[in-house]
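Right, one structure below, let's go through it.
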Amino acid sequence: MQETRDPIQELLIAARRTQILDAAAAVFAEKGFHRATIKDIARVAGIADGTIYTYFSSKTDVLLG
């Protein structure tokens with residue numbers, strides 16, 4: 000049976016992904032992709048490091064958005 004999310008959950012997920020992508024853009028602009036770390040992105044986004052992996056599988060996945 001497929002689990003469905005309500006519209007509010009979908010909005011919250013989209014907002015968190017956007018928050019992470021915005022933080023990543025800032026970090027990549029400052030440090031470059033290779034020097035940037037997930038920890039850097041999480042710090043700028045104001046979230047725990049592991050939270051990023053709930054939404055993205057890797058730093059490359061974040062870059063690809």
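Last residue of the sequence shown: number 64 in numbering that gives the first Met the number 0, and the count goes up by one each step with no gaps. C-beta atoms are modelled at their ideal positions from N, C-alpha and C, and glycine is treated no differently. Every value quoted in this text rests on a predicted model; they were computed, and no experiment measured them.
Proximity below 8 Å, CB of residue i to CB of residue j
{"i": "Ile51", "j": "Val43", "result": "no"}
Residue closest to residue i, alpha-carbon to alpha-carbon, out of the options
{"i": "Ala47", "options": "Thr3, Ala24, Arg15", "result": "Arg15"}
{"i": "Thr53", "options": "Leu10, Ile19, Arg4, Ile7", "result": "Ile19"}
Neighbour-count burial assignment, residue i, 16 or more Cβ in a 10 Å radius
{"i": "Asp39", "result": "buried"}
{"i": "Ala35", "result": "buried"}
{"i": "Ala13", "result": "exposed"}
{"i": "Ala28", "result": "exposed"}
{"i": "Lys30", "result": "exposed"}
Any non-hydrogen atom of the ligand FMN closer than 7 Å to residue i Cβ
{"i": "Arg15", "result": "No copy of the ligand FMN occurs in the structure displayed, which carries no ligand at all."}
Residue interval of the alpha helix (DSSP H) (run including residue i)
{"i": "Glu9", "result": "6-30"}
Simplified DSSP assignment, three categories, for residue i
{"i": "Arg42", "result": "helix"}
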